[in-house]
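Enquirer: Structure below; questions to follow.
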Amino acid sequence: MKRILLATACAAAFALPIAGTARAQDVPAWSDKGTDDAAWMETKAALQAFGEQFDSALEMYRHMEAALAPADKLSWEDMAAPEYDWSGVFTRTGGGLSFDPELKASEISAQLTEAGAAARETKIKMMAETGGEYDPISDCRPPGVPRWLTEPFLKDYVVTPDLTYLMNEMVNDVRRVYTDGRDHTDPADAYPSWNGDTIGFWKDGALYTHTAYLMPGQYQRGTQPDYSDQVEVVERWHKVDDVTLQSDVWVFDPVNLAEPWYTRQSWTELANDDAFLRIRYWDCRENQNNDIIVRDDGTSQFPDFDFVADDAAVSDDASVKAAASAN
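Number 310 in the numbering used here belongs to position 310 of the sequence shown; there are no gaps in the numbering.
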């Protein structure tokens, strides 16, 4: 995979032309995962190969945009259709702390560069030596994109004709997808942020997006890989049934990924017939449950929780017991 051009290289970067004439059949149709694991693995490999045709996320997005043109122009009347009704409270369907939800957290399907592999090996060695790590979200930083996709907290969504909101419970984390035809912020005026700048379009009930101008981070805690400030993401969101949202995700990062990393992410709406469940304001500094204990080896732990009776007594962590005794 060729190196992606830096977003700040020139103002023309986000007006990348499409070579040749793109056709709708050049974009793989959405394929439900189903229960046939072998068939899904073939589909997953084909979607990975589709991403590998492109040198950058932007090139891929422009190709999809041209192949599927004209995009659907939505109206408020369209919002009543089930494919645009993303209401409800959702959580990640599966995957735990693995970016690829079909693998264990200690495994990856990404093809890493030498630099990416070395960075991951450093994390593996550190965790083996200390038994812990320092997760950046511990000090109230947002997870950032693409890690946003894997966070195991609640999520909710709002679809409007020109703007779609993707909201994560943790630190009131909101992504805005502009579908009104605008392009990215001009590189001369852009700067990196946790969730970047996302544009998109709708076609046949699916939302196609491209995200740029992101901060460096890690796909998840533990031994999941890192991503650089050159990371960009292409997504295809689709409501597959009454309670399930899924997204095809291709991550491009020339620093850490030798090829784009494809995964299928999924979120399930939680039962809430009594309307008891709701997402509340998240301030991770507001109570002692988010105090941090620094261990002797430099790693961190949380104290016992005040909403669980005598949590320290049942903890198997000596630092938690010591902190409770000191209080």
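Cβ coordinates follow ideal geometry from the N, Cα and C atoms, glycine included.
Short of 8 Å in beta carbon distance, which residues of its chain neighbour Met-127, apart from the five on each side in sequence? Order them along the chain.
Expert: Glu-133, Gly-222, Thr-223
Enquirer: Following the continuous beta strand (DSSP E) through Gln-265, name the residue where it begins and the one where it ends.
Expert: 261 to 269
Enquirer: Output needed for Trp-282: all residues of its chain with C-beta closer than 7 Å, excluding positions within five of it in sequence on either side, in chain order.
Expert: Glu-169, Met-170, Val-171, Asn-172
Enquirer: Could you check what DSSP says for Trp-86 in three-state terms: helix, strand or coil?
Expert: coil
Enquirer: Cβ of Gln-265 within 8 Å of Cβ of Pro-101?
Expert: yes
Enquirer: Would you mind working out which of Leu-154, Val-234, Lys-239 sits nearest Ala-271, comparing C-alpha positions?
Expert: Leu-154
Enquirer: At 3 residues or longer, and completely inside the segment 44 to 92: list those beta strand (DSSP E) runs for me, N to C.
Expert: 90 to 92
Enquirer: Report yes or no: do the segment 114 to 123 and the segment 180 to 193 share at least 3 C-beta pairs separated by less than 8 Å?
Expert: Under the Cβ criterion (8 Å, minimum of three pairs), the segment 114 to 123 does not count as touching the segment 180 to 193.
Enquirer: Do the segment 88 to 108 and the segment 147 to 164 touch if we need at least three Cβ pairs shorter than 8 Å?
Expert: By the C-beta criterion, the segment 88 to 108 is judged to be in contact with the segment 147 to 164, since at least 3 inter-stretch pairs fall below 8 Å.
Enquirer: Quick one: what does DSSP say Ala-109 is sitting in, helix, strand or coil?
Expert: Correcting the residue type first, residue 109 is Ser in the shown sequence and not Ala. Reduced to three states, the DSSP call for Ser-109 is coil.
Enquirer: Kindly indicate the opening and closing residues of the alpha helix (DSSP H) around Lys-125.
Expert: Its alpha helix (DSSP H) spans residues 114 to 130.
Enquirer: Distance check for Asp-204 and Leu-68, CA to CA, integer angstroms please.
Expert: 10 Å
Enquirer: For Val-255 versus Pro-146, is the C-beta distance shorter than 8 Å?
Expert: In this structure, Val-255 keeps its C-beta atom at 8 Å or more from the C-beta atom of Pro-146.
Enquirer: Whose C-beta lies closer than 8 Å to the C-beta of Ala-105 among residues of the same chain, with five residues either side of it excluded?
Expert: Gly-96, Leu-97, Ser-98, Gln-220, Gly-222, Thr-223, Gln-224, listed in sequence order.
Enquirer: At what residues does the beta strand (DSSP E) containing Met-167 begin and finish?
Expert: Run containing Met-167: 163 to 168, per the beta strand (DSSP E) assignment.
Enquirer: Going by DSSP, which residues form a beta bridge with Trp-194?
Expert: In DSSP, Trp-194 forms no bridge with anything.
Enquirer: Going by beta carbon distance, what residues of the same chain come within less than 7 Å of Gln-124, once the five residues before and after it are set aside?
Expert: With the sequence shown as reference, residue 124 is identified as Ile, and Gln is not the correct amino acid for it. Cβ within range, chain order: Thr-223.
Enquirer: Decide if Ala-45 is buried, meaning its Cβ has at least 16 other Cβ atoms within 10 Å, or exposed.
Expert: exposed
Enquirer: Compare the beta carbon distance of Glu-259 and Glu-52 with 8 Å and say whether it is the shorter of the two.
Expert: yes
Enquirer: Looking at the structure shown, is Trp-237 part of a helix, part of a strand, or coil, going by DSSP?
Expert: Strand.
Enquirer: Whose C-beta lies closer than 8 Å to the C-beta of Thr-130 among residues of the same chain, with five residues either side of it excluded?
Expert: Asp-297, Gly-298, Thr-299
Enquirer: Determine the direct distance from the alpha carbon of Ser-138 to that of Met-60, and round the result to whole angstroms.
Expert: 34 Å
Enquirer: Determine the closest residue to Tyr-354 out of Leu-112, Val-294, Asp-72, Tyr-178, with distance taken between C-alpha atoms.
Expert: Here the chain has residues from 1 to 327 only, and residue 354 is not among them.
Enquirer: Between the alpha carbons of Arg-176 and Ala-326, how many angstroms are there, rounded?
Expert: Their backbone Cα atoms lie some 45 Å apart in a straight line.
Enquirer: Run the CB neighbour count on Ser-56, radius 10 Å, all protein chains shown included, and call it buried at 16 or more, exposed below.
Expert: Classification of Ser-56: buried, given that the 10 Å Cβ count is 16 or more.
Enquirer: Distance check for Pro-82 and Asp-229, CA to CA, integer angstroms please.
Expert: 36 Å
Enquirer: Does the beta-carbon of Thr-21 have 16 or more other beta-carbons within 10 angstroms, so that it is buried, or is it exposed?
Expert: Unreliable placement is indicated for Thr-21, whose pLDDT of 45 sits below 50; the coordinate value is still reported in the next sentence. Its Cβ having fewer than 16 others within 10 Å, Thr-21 is exposed.
Enquirer: Give the DSSP bridge partners of His-210, in chain order.
Expert: Ile-199, Val-234
Enquirer: Shortest alpha-carbon distance to Thr-195 belongs to which of Asp-180, Thr-211, Asp-189?
Expert: The question names Thr, but residue 195 is Asn in the sequence shown. The candidate whose alpha carbon is nearest that of Asn-195 is Thr-211.
Enquirer: Report the partner residues of Arg-175 according to the DSSP bridge assignment.
Expert: Leu-166
Enquirer: Less than 6 Å between C-beta atoms, sequence neighbours within five positions excluded: which residues of the same chain meet that for Glu-232?
Expert: Ala-57, Ala-212, Phe-252
Enquirer: From this set, Arg-141, Asp-242, Tyr-227, Ala-66, which residue's C-alpha is nearest Glu-269's C-alpha?
Expert: Relative to the Cα of Glu-269, the nearest Cα in the group Arg-141, Asp-242, Tyr-227, Ala-66 belongs to Asp-242.
Enquirer: List the endpoints of the continuous beta strand (DSSP E) containing Thr-299.
Expert: No beta strand (DSSP E) contains Thr-299, which DSSP labels as neither H nor E.
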